[in-house]
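The block underneath contains the structure these notes are about, expressed in structure tokens.
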Amino acid sequence: MLFKMKSSYYRRILSLILLRRENAITIYRLLRRVKRIKHDFSKVDDSNVPLPMIITVRLTNRCNLRCRHCGQWGQGGVYNDAKVKDLLSEELTTRQWINFFDQIADFKPYIFIAGGEPLLREDLAEIIAFASSRGLLVGLNSNCTLLSPAVAQNLVQSRLAYFYASLDGPKDIHNSMRLGKDAFEKTTEGLGALLAVRSRLKQTLPIIQLDTVITPDNQQFLFETAQIAEELGVDAFGLILSIFTTQEFSDATCLWYERKFGIKAKYWQGFVKDMSGIDGLILQAQLERIKHNRWNFKFRPFIPIGKKGFDFREYFHHPEIKIGDGRCFSPWVFSQIMPNGDVATCGNHPDYVVGNISQNKFSEIWNNEASRKFRSVLRGDLPPACNRCLGLFMFSK
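Taking this note's numbering, I'd label the letters of the sequence shown as residues 173 to 569.
Shown next as structure tokens:
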């Protein structure tokens, strides 16, 4: 019965795998690589790590919204700092991104395109189309407010594999959190356009997932948000825990970076948020309602929401407690490319830069001296702000 209910989602996953042999290879290698690292981390050679299986590509830091909970442009967001605003105009050209994807095509990483808001790049579909033509599996995250029918058609025709849309809740909640005029209407209209184009062109891809980040503002409206996902007709609905830290932990992390690497860290400051308004009982009740309802979409609560023994109250009210075993495997399987070409092995606080793809090949950067140093330090010591980082969820046991 479960498979029948979610037949559309599983059919699209099967299509993704069967459509191109490269997609199946990428998924298999990723799962196998993470499993091997978890199995015996002590035997991993930090000086000669195989090329990463996940690469986040931030095409731009620019964004058309000012979401209150965003670590980039929200209240206290790092890009509101006048000292870093000059960096926002530094973006690689279309040709430079194409050259990058041409370089990495052989080892078939999964490419996750993010921002800022990636749809602000007019060459987005062209970049995705090239990456797809080289056999790369590509996902895209967007707030959908710029997703016109024409843009939607270009994305579908680019052979994009995954599309992750952000929605914070029902109309009033979403608009109050996004601080963008008619954000809810534009987001749902954009998603409707993408779904309509995919249907009209008789394509199974991209797989479309609606994601909601849990905050004190929307915690009581998660079931209603799931109902909106159902009405829209998306393939999957995801709940994601907020990334956050305290001012104390952010300050301690800045000192940690100065002591370990001699640099002034800034990114974690954008994630300093007050989560004291989160009620674990409310969240648990909302989660249970969603889990026990019958939906046409696939419900995908982000790990460890559905993990046995996970405690919402501990997560939000005791950030001093690490998730899982407190180990971070990200620098061994993940890399992030910033809009200006800087390479970092951390997705949420890319303060420590190990190279730049406009100056050196990615394969040379991945195991260079700076990369090896970062792995060596993180193997035995994590900064305090990392306690509530999604990277620990993704690769924890």
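Where a beta carbon is used, it is the ideal one built from N, C-alpha and C, also for glycine.
Same chain only: Cβ atoms within 7 Å of S330, ignoring 5 sequence neighbours per side | Translated into positions along the sequence shown, residue 330 becomes position 158. These residues qualify, in order along the chain: A297, I300, A301 and S304.
Compute the Euclidean distance between the alpha carbons of L339 and R499, then round it to the nearest angstrom.
-> For the purposes of this step, residue 339 is identified with residue 167 of the sequence shown, where counting begins at 1. For the purposes of this step, residue 499 is identified with residue 327 of the sequence shown, where counting begins at 1. Cα-Cα distance, rounded: 30 Å.
Any idea if L231 is buried or exposed, counting beta-carbon neighbours within 10 angstroms, 16 or more meaning buried?
-> Indexing the sequence shown from 1 puts residue 231 at position 59. Burial call: buried.
Following the continuous alpha helix (DSSP H) through R472, name the residue where it begins and the one where it ends.
-> For the purposes of this step, residue 472 is taken as residue 300 along the sequence shown, with counting starting at 1. Counting along the chain, R472 falls outside any alpha helix (DSSP H), though it belongs to the beta strand (DSSP E) covering K470 to P473.
Buried or exposed by the 16-neighbour rule on C-beta atoms within 10 Å, applied to T418 | Counting from 1 along the sequence shown, the entry for residue 418 is found at position 246. Burial call: buried.
Given L404 as reference, the closest of Q392, D383, L413 and S422 once Cα atoms are compared = Here residue 404 corresponds to residue number 232 of the sequence shown, with the count starting at 1. L404 has its Cα closest to that of D383, out of Q392, D383, L413 and S422.
N512 versus Y524: straight-line alpha-carbon distance, rounded = Stepping through the sequence shown from its first residue, residue 512 is reached at position 340. Stepping through the sequence shown from its first residue, residue 524 is reached at position 352. Near 14 Å, if we compare the C-alpha coordinates of Y524 and N512.
Please look up how many angstroms separate the CB atoms of Q375 and L455, rounded, as I've assumed it's under 8 Å.
-> Stepping through the sequence shown from its first residue, residue 375 is reached at position 203. Stepping through the sequence shown from its first residue, residue 455 is reached at position 283. That belief does not hold up - the Cβ atoms of Q375 and L455 are roughly 36 Å apart, past 8 Å.
Since Y487 is in the beta strand (DSSP E), which residue starts that stretch and which ends it?
-> Translated into the one-based positions of the sequence shown, residue 487 becomes position 315. Careful: Y487 lies outside any beta strand (DSSP E), inside the alpha helix (DSSP H) at F484 to H489.
Taking L223 as the reference, which of R184, N539 and A322 has the closest Cα?
-> To locate residue 223, count along the sequence shown from 1; it is residue 51. It is N539 whose Cα lies nearest to the Cα of L223.
Can we say the region 360-378 touches the region 419-437, given the rule of at least three CB pairs closer than 8 Å?
-> no
Three-way DSSP call (helix, strand, coil) for G452 in this model = Start at 1 with the first residue of the sequence shown, and residue 452 comes out as number 280. Helix, per DSSP.
Could you tell me the boundaries of the alpha helix (DSSP H) in which F272 lies?
-> In the sequence shown, residue 272 corresponds to position 100, counting from 1. T266 to I276 is the span of the alpha helix (DSSP H), which, as asked, contains F272.
Out of curiosity, what's the CA-to-CA distance linking N313 and L291?
-> Reading the sequence shown from its first residue, position 141 is the one you call residue 313. Reading the sequence shown from its first residue, position 119 is the one you call residue 291. One C-alpha to the other measures close to 9 Å.
How about I412 and V444: do their beta carbons lie closer than 7 Å?
-> Mapped onto the sequence shown, residue 412 falls at position 240. Mapped onto the sequence shown, residue 444 falls at position 272. Cβ distance not < 7 Å, so I412 and V444 don't count as in contact.
In chain order, what residues of the same chain have a beta carbon less than 7 Å from the beta carbon of L554, not counting five sequence neighbours either side?
-> Counting from 1 along the sequence shown, the entry for residue 554 is found at position 382. Here the set comprises G498 and C500.
Bounding residues of the alpha helix (DSSP H) (the contiguous stretch that carries N347) = Here residue 347 refers to the residue found at position 175 of the sequence shown. That run of the alpha helix (DSSP H) goes K343 to R350.
Rounded C-alpha distance that separates R192 from T265 = As a first step, residue 192 is located in the sequence shown; it is residue number 20 there, counting from the start. As a first step, residue 265 is located in the sequence shown; it is residue number 93 there, counting from the start. One C-alpha to the other measures close to 28 Å.
Return the CA-CA distance between G449 and H490, expressed in angstroms with no decimal places.
-> Along the sequence shown, one-based indexing puts residue 449 at 277. Along the sequence shown, one-based indexing puts residue 490 at 318. Roughly 13 Å separates the two Cα atoms.
Just reading off the alpha helix (DSSP H) that N326 is part of, what are its end residues?
-> Counting from 1 along the sequence shown, the entry for residue 326 is found at position 154. Unbroken alpha helix (DSSP H) run through N326: P321 to Q329.
Assign Q244 to one of two classes, buried (16 or more other C-beta atoms within 10 Å of its C-beta) or exposed (fewer than that).
-> As a first step, residue 244 must be located in the sequence shown, where it is residue number 72. Q244 should be labelled buried.
So, is Q458 buried or exposed, given that buried needs 16 or more other C-beta atoms within 10 angstroms?
-> Within the sequence shown, the letter at position 286 stands for residue 458. It counts as buried.
Using the DSSP secondary-structure output, state which residues sit across from R230 in a beta bridge.
-> Residue numbering aside, residue 230 sits at position 58 when the sequence shown is read from its first letter. Answer is A286, bridged to R230.
Pick out the complete beta strand (DSSP E) segments inside the region 518-567, 3 residues or longer, and give them in chain order.
-> 525-528
Pick from F469, Y336, L363 and T387: whose alpha carbon is nearest that of C242?
-> As a working mapping, residue 242 is identified with position 70 in the sequence shown. If we check each option's Cα against that of C242, T387 comes out closest.
Residue span of the alpha helix (DSSP H) that contains D514, given as start and end = In the sequence shown, residue 514 corresponds to position 342, counting from 1. From DSSP, D514 is part of no alpha helix (DSSP H) but of the beta strand (DSSP E) over D514 to A516.
Residue of P281, G246, V406 and E294 minimising C-alpha distance to E263 | Translated into the one-based positions of the sequence shown, residue 263 becomes position 91. Considering only alpha carbons, the answer is E294.
Separation of C316 from G452, as counted between CA atoms | Translated into the one-based positions of the sequence shown, residue 452 becomes position 280. Translated into the one-based positions of the sequence shown, residue 316 becomes position 144. Answer to the nearest angstrom: the Cα atoms are 30 Å apart.
Between the C-alpha atoms of M177 and F409, what's the straight-line distance to the nearest angstrom?
-> Reading the sequence shown from its first residue, position 5 is the one you call residue 177. Reading the sequence shown from its first residue, position 237 is the one you call residue 409. Legend: pLDDT at M177 = 45, less than 50; position of this residue unreliable, value from coordinates given subsequently. Looking at the two C-alpha atoms, the distance is approximately 14 Å.
Take A557 and list the residues in its own chain whose beta-carbon comes closer than 6 Å to its own, dropping the five residues that flank it on each side.
-> One-based indexing of the sequence shown puts residue 557 at position 385. Closer than 6 Å at Cβ, skipping near neighbours: T417, F421, S422, T425 and W440.
Might you give, ordered along the chain, the residues of its own chain that have their beta carbon closer than 7 Å to the beta carbon of V369, omitting 5 neighbours on each side?
-> For the purposes of this step, residue 369 is taken as the residue at position 197 of the sequence shown. Same-chain partners within the cutoff: P321, A324, Q325 and V328.
Where S219 sits in the DSSP three-state scheme = Residue numbering aside, residue 219 sits at position 47 when the sequence shown is read from its first letter. Reduced to three states, the DSSP call for S219 is coil.
S530 versus R267, L367 and I462, residue with shortest Cα-Cα distance = The residue you call residue 530 lines up with position 358 of the sequence shown. It is R267 whose Cα lies nearest to the Cα of S530.
Closer than 6 Å by C-beta to I379: which residues in its own chain qualify, once you throw out the five before and the five after it? Chain order, please.
-> As a working note, residue 379 is residue 207 in the sequence shown. Around I379: R184, Y334 and D407.
Nearest-angstrom beta carbon gap, D218 and S548 [assumed within contact, 8 Å] | Translated into the one-based positions of the sequence shown, residue 548 becomes position 376. Translated into the one-based positions of the sequence shown, residue 218 becomes position 46. S548 to D218, Cβ: 6 Å. Contact.
For E402 and K336, the rounded distance between their alpha carbons = Taking the sequence shown and counting its residues from 1, the one referred to as residue 336 is at position 164. Taking the sequence shown and counting its residues from 1, the one referred to as residue 402 is at position 230. Per the sequence shown, the amino acid found at residue 336 is Tyr instead of Lys. Spanning the two alpha carbons is a distance of roughly 15 Å.
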